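Colleague: Numbering (our numbering), first residue to last: 4 to 232.
Structure, rendered in structure tokens:
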């Protein structure tokens, strides 16, 4: 039974989401502010986090930044009352797996969470797929990525997007195609330009591991492709 950590300073919203998730079979932990949420996260009990952005003591963006330093692949959904593409890009750039603007239906939130957990499950063959190319090794069963033996910590969306690109070297994918593959249609409507944020993060992580940003090539007027060799 997955355990979801809910962090929000609105007690009514916290209670309604907690009740829904527990009816759906999840165990829940809760915290009323960012600092309390961080302490809960550090117990190691949470399999995913759903956090508000605007909170006392420690805001959701700062919390996300800390969580990503300590648990790069832990599913993380941000909630916000702001309706701004800049805010969304900021959240995704720091590594949020999804982003939902208030007010929202709790069932929509539950659906998004199911998508994130489903991505962690092996598909088709119980052995998953192993992609090895140009020093990159992508294990889609274990959700592990490395470059020349050096591990690369990715979020679930980043992993899905990189596996798509590396699995079809030379093929140009549009932003919309990559967005659908990285987030799945049921993850909700998000501007295709958000893919640029995912790509920027992937390039930085590849370079940090010893690879090259040029491995993921921009195709002007189309989108992106993996440049092999």
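Glycine included, every Cβ here is placed at the ideal spot set by N, Cα and C. Remember, it's a predicted structure, so these values are computed and weren't measured experimentally.
Whole angstroms is fine: what's the gap from residue 224's alpha carbon to residue 144's?
Modeller: 33 Å
Colleague: Are the stretch 161–172 and the stretch 199–206 touching, with three or more C-beta to C-beta distances below 8 Å?
Modeller: yes
Colleague: If the criterion is Cβ atoms closer than 8 Å, does the pair residue 7 and residue 62 meet it?
Modeller: Not in contact: residue 7 and residue 62 (Cβ atoms no closer than 8 Å).
Colleague: When the distance is taken between beta carbons, is residue 45 closer than 8 Å to residue 33?
Modeller: no
Colleague: Suppose contacts are defined by Cβ-Cβ distances below 8 Å. Is residue 212 in contact with residue 230 by that definition?
Modeller: no
Colleague: Taking residue 64 as part of the beta strand (DSSP E), name the residues at either end of that continuous run.
Modeller: Not the beta strand (DSSP E): residue 64 falls in the alpha helix (DSSP H), residues 63–73.
Colleague: What residues in its chain sit with their C-beta under 7 Å from that of residue 105, if we drop five residues either side in the sequence?
Modeller: Excluding sequence neighbours, residue 105 sits near 82, 83 and 84.
Colleague: Do residue 55 and residue 80 have their CB atoms nearer than 8 Å?
Modeller: no
Colleague: Work out the CA separation of residue 115 and residue 5 for me, nearest whole Å.
Modeller: 14 Å
Colleague: Looking at residue 110: is its Cβ nearer than 8 Å to the Cβ of residue 23?
Modeller: yes
Colleague: Under the assumption that residue 77 contacts residue 52 (Cβ atoms under 8 Å), give the Cβ distance between them as a whole number of angstroms.
Modeller: 7 Å
Colleague: May I have the straight-line CA-CA distance separating residue 174 from residue 118, to the nearest angstrom?
Modeller: 26 Å
Colleague: Once the 5 residues before and after residue 210 are set aside, which same chain residues still bring their CB inside 8 Å of it?
Modeller: Cβ neighbours of residue 210 within its own chain (closer than 8 Å, five residues either side excluded): 216.
Colleague: Here's the rule I'm using: 16 or more other beta-carbon atoms within 10 Å means buried, otherwise exposed. How should residue 28 be labelled?
Modeller: exposed
Colleague: Apart from the five residues just before and just after residue 157, which ones in its own chain have a Cβ nearer than 6 Å to its Cβ?
Modeller: 148
Colleague: Thinking C-beta only, is residue 170 closer than 8 Å to residue 151?
Modeller: The beta carbons of residue 151 and residue 170 sit no closer together than 8 Å.
Colleague: Suppose the cutoff is 8 Å on Cβ atoms and the five residues either side in sequence are ignored; what does the same chain contact list for residue 14 look like?
Modeller: 35
Colleague: Output needed for residue 140: all residues of its chain with C-beta closer than 6 Å, excluding positions within five of it in sequence on either side, in chain order.
Modeller: 149
Colleague: Do residue 98 and residue 67 have their beta-carbon atoms positioned less than 8 Å apart in this structure?
Modeller: yes
Colleague: Got a sec? Which residues, its chain only, sit under 7 Å from residue 177 by beta carbon, not counting five neighbours each side?
Modeller: Cβ neighbours of residue 177 beyond the five flanking positions: 225 and 226.
Colleague: Taking the alpha-carbon positions, what's the residue 182 to residue 228 distance?
Modeller: Roughly 14 Å separates the two Cα atoms.
Colleague: For residue 16 and residue 142, I'd like the C-alpha separation in whole angstroms.
Modeller: 38 Å
Colleague: For the putative contact between residue 172 and residue 136, defined by C-beta atoms under 8 Å, what is the C-beta separation to the nearest angstrom?
Modeller: Indeed, because the Cβ distance is near 6 Å, the residues count as touching under 8 Å.
Colleague: By DSSP's criteria, residue 133 is part of a beta bridge. Which residues make up the other side?
Modeller: 142
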